[in-house]
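Chemist: According to the working numbering, the stretch in the sequence shown is residues 3 to 398, in order.
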Amino acid sequence: MLNVAVMFGGRSVEHEVSVITGLQIMENLDRAKYNVIPIYVGKDGWWYTGNELLDIENYRDVPKLLSKCKRVVMLPIPGLRKAYFYPFKRGFFKGDAESLDVDIVIPAFHGTYGEDGSMQGFLELLNIPYVGSGVLGSALGMDKILMKEIFKANNIPIVNYLWFLRRDYEEDEETVLSYIEKSLRYPLFVKPSNLGSSIGISKAKNRDELIYGIEVATKYDRRILVEEGVEDVMEVNCSVMGFDNDVATSLCEMPVPWQEFLSYSDKYMKGEVGEGLKGALRKVPAPISKDLEEEIKELAVKIFKLLDCAGVVRVDFLIDKREMKIYANEVNTLPGSFAFYLWEPLGIPFRELLDRLINLAIRRHREYTRNIYTFDTDLLIKASLRGSKLGKRRET
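1) Identify every run of the alpha helix (DSSP H) within the stretch 349 to 375, keeping only runs that are complete inside it and at least 4 residues long; order them along the chain.
2) Have a look at M76, V75, D46, P78 and flag the residue whose alpha-carbon is nearest the alpha-carbon of V64.
3) Could you tell me the boundaries of the alpha helix (DSSP H) in which A206 lies?
4) Quick check on the burial criterion: 16 or more other C-beta atoms within 10 angstroms. Buried or exposed for Y375?
5) If you draw a straight line from the alpha carbon of K272 to that of H367, how long is it in whole angstroms?
6) Could you give the uninterrupted runs of the beta strand (DSSP E) lying entirely in the stretch 213 to 251, keeping only those of 3 residues or more?
7) Using the rule of at least 16 other Cβ atoms within 10 Å of the residue's Cβ for burial, across every protein chain shown, is R33 buried or exposed?
8) Under 6 Å Cβ to Cβ from M3, same chain only, skipping five residues before and after it: list those, please.
9) Enumerate in chain order the residues of its own chain whose CB-to-CB distance from L31 is below 6 Å, with the five nearest sequence positions on each side excluded.
10) Pop quiz: N331 and L320 are said to be a contact at Cβ under 8 Å. What is the actual Cβ separation, rounded to whole angstroms?
11) I need the straight-line Cα distance from I79 to E126, nearest angstrom please.
12) If distances are taken between C-alpha atoms only, which option among R365, D322, L186, L309 comes closest to L142?
13) Provide the residue(s) that pair with C311 in DSSP beta bridges, ordered along the chain.
14) Could you pull the DSSP bridge partners for I108 from this structure?
15) Considering only residues of the same chain and omitting the five flanking positions on each side of I226, which have a CB-CB separation below 8 Å?
16) Taking three-plus beta-carbon pairs below 8 Å as touching, is the stretch 127 to 136 in contact with the stretch 103 to 110?
17) Give me the DSSP bridge partner(s) of W401.
18) Grouping DSSP H, G and I as helix and E and B as strand, with all else coil, what is L31?
Pasting the structure below:
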């Protein structure tokens, strides 16, 4: 039986969304196959474990909940696949500290320090298999600016955009505003570069709204993205699952926004508590032509491979309804609810989806362990024989 640690919460403004995703995952993991270990990362960065974390009702009083849990830590030592209870009650260096064995990790984070490659890098140091994209794919999927630059360089259709630094705006507001208005046409969307769930995003139809949008976005990030809006637009999303060339696409969905664009509340607060993105209003399958659907799926797969994604992702597209032109919007490398609702109609229930993701994670880890990470050389021996160059002073 595999010991599966589900990590959720985190130091992110998307903390609560992550909790919902984490609880959904733990509820649907097959207990006949997996020993589920909940690891909740608090907003202060501390890690906790305990069965009390499995009940969503307990999160109404987080301090009380955490008082019933135990703190744990994982150490970035390759092969040391354990979550240690902290503080150590017995000698850690004697090898008898209390711990939980961890065979694989499912990161159920959204946003910074969990979805952006930070946690993935930590898990790489542990040399432990984990579900989802690696450091590179996660970082690129989180950074909207770099993502757009890569899309543009690879002829993937995107809306017109530009970006600037918070510092530039603070030092010369008028120059930045003029640059935006000369380069793009209203309406505009102002976004923090590194954030998800539509948090910090504003629509601007004029300069006053643009200023407001920038003021909001700069509270969340130092790099700001401004995109040209599409007047008559619909959003269509498609999930992709796999690794390397072995990939599959889900049904497409059309989210139904309550406002002019799909806001945080549209995504997560329209359904019942605990439903996550499943509770949001959407049309599945999306009411689009077969040709348009195939084009979207082809682009989604191209983006999945281009960003070196793995596991399950959701690729979001904008469709100009007047010209039926497709624009790639963004990639979610850890989509809300793992986008299970897009796979269920294809006969892949959430439980089976998680089985597949765990198998993909193990397969990906085995593939990476084939790489050579050290190179034996006698360079240091030779350097010591002839005297280290670094140890010599330059004579003047």
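Each residue gets a CB set at the ideal place from its N, CA and C atoms; glycine is no exception.
Modeler: Inspection of the coordinates gives the following:
1) 352 to 370
2) D46
3) A206 -> not in any alpha helix (DSSP H); beta strand (DSSP E) instead, spanning 204 to 206.
4) exposed
5) A caution first: K272 carries a pLDDT of 46, below 50, which makes its placement in the model unreliable, though a value can still be read off. Taking the straight line joining both Cα atoms gives about 38 Å.
6) 225 to 230, 235 to 245
7) exposed
8) Excluding its 5 nearest sequence neighbours in each direction, M3 has C-beta neighbours in its own chain below 6 Å: N37, listed in chain order.
9) A distance below 6 Å between beta-carbons, with the five flanking residues on each side excluded, links L31 to the following residues of its chain, in chain order: V38, L356.
10) 5 Å
11) The alpha-carbon atoms of I79 and E126 are separated by roughly 10 Å.
12) It is L309.
13) DSSP lists no partner for C311.
14) The partner list for I108 (beta bridge, DSSP) reads V8.
15) W165, F166, L167, R168, Y171, V192, K193, P194, S195, I216, A219, T220
16) Here the stretch 127 to 136 lies against the stretch 103 to 110, with 3 or more beta-carbon pairs under 8 Å apart.
17) Residue coverage of the chain in this structure runs from 3 to 398, which leaves residue 401 outside it and unanswerable.
18) Of the three classes helix, strand and coil, the one that applies to L31 here is coil, per DSSP.
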